[in-house]
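Here's the structure we're looking at; comments come further down.
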Amino acid sequence: MENVGEVEVIIPGDEERNAPQCPHGPAVLFQVKSGKRFYACSACRDRKYCSFFQWESEKVSEERLHAREEQNRLKKPLFTHTQYCRRFREFVSLPLDQRRFCVDCQLLLLPDEWSAHASHRALSDDITVARLRRPSLLLRALENKKSNAQYLFADRSCHFLLDVLSGLGYRKVLCVGTPRLHELIKIRSTEDKTRAMKSLLLDIDFRYSQFYPQDEFCHYNMFNHHFFDGKEAVEVFMDFLTERDGNKVVMVTDPPFGGLVKLLGHTFSNISHTWRRLQGNDSGGSQMPIIWIFPYFFEPRILDCFPAFTMLDYQVDYDNHPLYKQGTTGRKQSPVRLFTNLSPRDVVLPEEEGYRFCSVCKRYVSAENRHCDVCNACTSKNGRPWRHCAECGRCVKPSWRHCSPCGRCVLPDHRCGQTGCYNCGDPGHKHKACPLKHKKTVQSVKGESRHDSNERTAKKRKNKNAHRNKKKKVT
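Here the UniProt record's numbering is used: the first residue of the sequence shown is 1, the next is one more, and so on.
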């Protein structure tokens, strides 16, 4: 389970077969502190964008089920993928001056549809075939941070990834939530047949159905491993994962940063298991090659899902993010890294961008990531020099100071006693590992004893006094 405030997500198991469906596929099971469980949308983290909610034990009436099915139907794309492909072929056959794109509806328009979109903003200038090969530049990027915000790779980062993967001998790239990488693979393969690669894009943004055939795009939700087009799309996915004639497959994924890591890890494990089964080594220990692109501060959670992964120092740039882009305002601030089970020494980071090879760690690191002889590793996570703390026994950010009451390095202006278990107050563990978790739940129902209340009050007073004394020493 992964803790989200006072709610925990239940990793899907056998119960996922009976999970109710919202417009984004099978719902995910959550558990509140009291122990009650409920289903909610897997993709949206705010009920304002997907209001689906159902208690696990709730009996849903036939009338409500029919209403839910109708709601799900209304949220489907305007056309099927087959229809979108047929429309695209017709659109490309039109003279250049008859090609229009509705900006409001994000739809390629055919001539007999112009009148229905007459009051909408339309784009009609130079919609060439070359432009249609870059749909990520034509479509408006989704910006909802609570559901499907789209930050698109800068071409610099895309070309770096392609150079690395091509150099390692991969010829098929499963692009999970990476539309910019997918389109550049197709462009490069068209321009340079000697480095031809195949790509399959899995993405929740159905608008890409307008530009790619069924064997190049699947409408997909990575939080519940759901293919919206059913069995037909699953067959495309499985055929792509099958390695033939030495065409090795690698997966590159760039999930929304606010997504639940445990759900993503479960999905990527399923994909890896499918790949292993298709190669005929289901019982073996081999893992599908994966590059998971995510902020560095999620490293502990990702390693909890994939212990064999390594975080590389390469900083990923995005075109449409104010901080995560190349330049003095964004380049050094980008926290986005590559997590991978590829050998770190094989992923050569560009020297012209300030990366160097550490002969001790046997991997490429940022120029300012200094090797610590005590830790025996290049320890910096953010690309800046870190320092070793003897009390903690590890390297920390240079702005942190060791706090004796807290027993660890923290920011100088922190409040002591603000970490640990919110259930019993013990700093040695979190709520989900609390041995008194269930006992506490019973107490909260029956009423807390005076002794427990006094004990907690005394503990809070002690923490406040320690913080006050610390401030006096500083001043």
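Note that CB positions come from ideal geometry on N, CA and C, so glycine has one too.
At 4 residues or longer, what runs of the alpha helix (DSSP H) sit wholly inside the stretch 124 to 169?
Within the stretch 124 to 169, the complete alpha helix (DSSP H) runs of at least 4 residues are 129 to 132, 135 to 138, 155 to 167.
By Cβ distance below 7 Å, which residues in the same chain neighbour D346 in space, the five residues on each side in sequence not counted?
L168
Straight-line CA distance for V249 to S124?
38 Å
Euclidean distance between Cα positions of E69 and C158
40 Å
Strictly by DSSP, which residues pair up with Q71?
In DSSP, Q71 forms no bridge with anything.
Own chain residues within Cβ distance below 6 Å of K381, not counting five before or after
If we look at K381 and ignore the five residues flanking it on each side, its Cβ neighbours are Y296.
Classify K376: buried if its beta carbon has 16 or more other beta carbons within 10 angstroms, exposed otherwise.
Contrary to the premise, residue 376 reads as Asn rather than Lys in this sequence. N376 sits exposed, since fewer than 16 C-beta atoms from the chains shown fall within 10 Å of its C-beta.
Residue from M311, E232, V173, T178 with nearest C-alpha to N247
V173
Short Cβ contact (8 Å threshold) for G252 with I291
Correcting the residue type first, residue 252 is Val in the shown sequence and not Gly. Yes, these two residues count as a Cβ contact at 8 Å.
If A364 sits next to R356, beta carbons under 8 Å apart, how far is it from one beta carbon to the other, in whole angstroms?
Per the sequence shown, residue 364 should be read as Tyr rather than Ala. Indeed they touch by this definition, with Cβ atoms about 7 Å apart.
So, with DSSP's three-state summary, where would you put P20?
P20: coil per DSSP, three-state reduction.
In three-state DSSP terms, what is N369?
coil
Do you know whose CA, among Y212, V7, L202, R171, lies nearest T194's CA?
R171
Would DSSP call Q210 helix, strand or coil?
helix
What does a CB cutoff of less than 8 Å around N270 pick up in its chain, not counting 5 residues either side in sequence?
So the qualifying residues of the chain are H225.
C-beta atoms of E56 and F38 nearer than 8 Å:
yes
Taking only the alpha-carbon atoms, compute the straight-line gap between L264 and S115 and give it to the nearest angstrom.
43 Å
Within 10 Å of its beta-carbon, does E183 have 16 or more other beta-carbons around it, so buried, or fewer, so exposed?
buried
Rounded to whole angstroms, what's the CA-CA distance from V236 to F309? Just pull it up for me.
28 Å
Which of helix, strand or coil DSSP assigns to D317:
coil
If you draw a straight line from the alpha carbon of F306 to that of S93, how long is it in whole angstroms?
47 Å
Tell me which same chain residues have a C-beta within less than 6 Å of the C-beta of N360, skipping the five on either side of it?
The amino acid at residue 360 is misidentified as Asn; the sequence shows Val. Cβ within range, chain order: H371.
Please say whether K186 and R133 have beta carbons closer to each other than 8 Å?
It is a contact, given that the beta carbons lie within the stated cut-off.
Have a look at H273 and S136 and give me their C-alpha separation to the nearest angstrom.
Rounded to whole angstroms, H273 and S136 show a C-alpha spacing of 30 Å.
Tell me which residue opens and which closes the alpha helix (DSSP H) that R301 is part of.
The continuous alpha helix (DSSP H) containing R301 extends over residues 299 to 305.
The beta strand (DSSP E) that contains A40, what's its start and end?
37 to 40
Distance, Cα to Cα, G383 vs P255?
22 Å
State buried or exposed for C392, treating a residue as buried only when at least 16 other CB atoms are found within 10 Å of its CB.
exposed
Need the endpoints of the beta strand (DSSP E) that Q98 sits in, please.
From DSSP, Q98 is part of no beta strand (DSSP E); its letter is neither H nor E.
Nearest to C105 (by Cα), restricted to the options F91, R99, H120:
H120
Provide the residue span of the alpha helix (DSSP H) that contains P179, from first to last.
179 to 191
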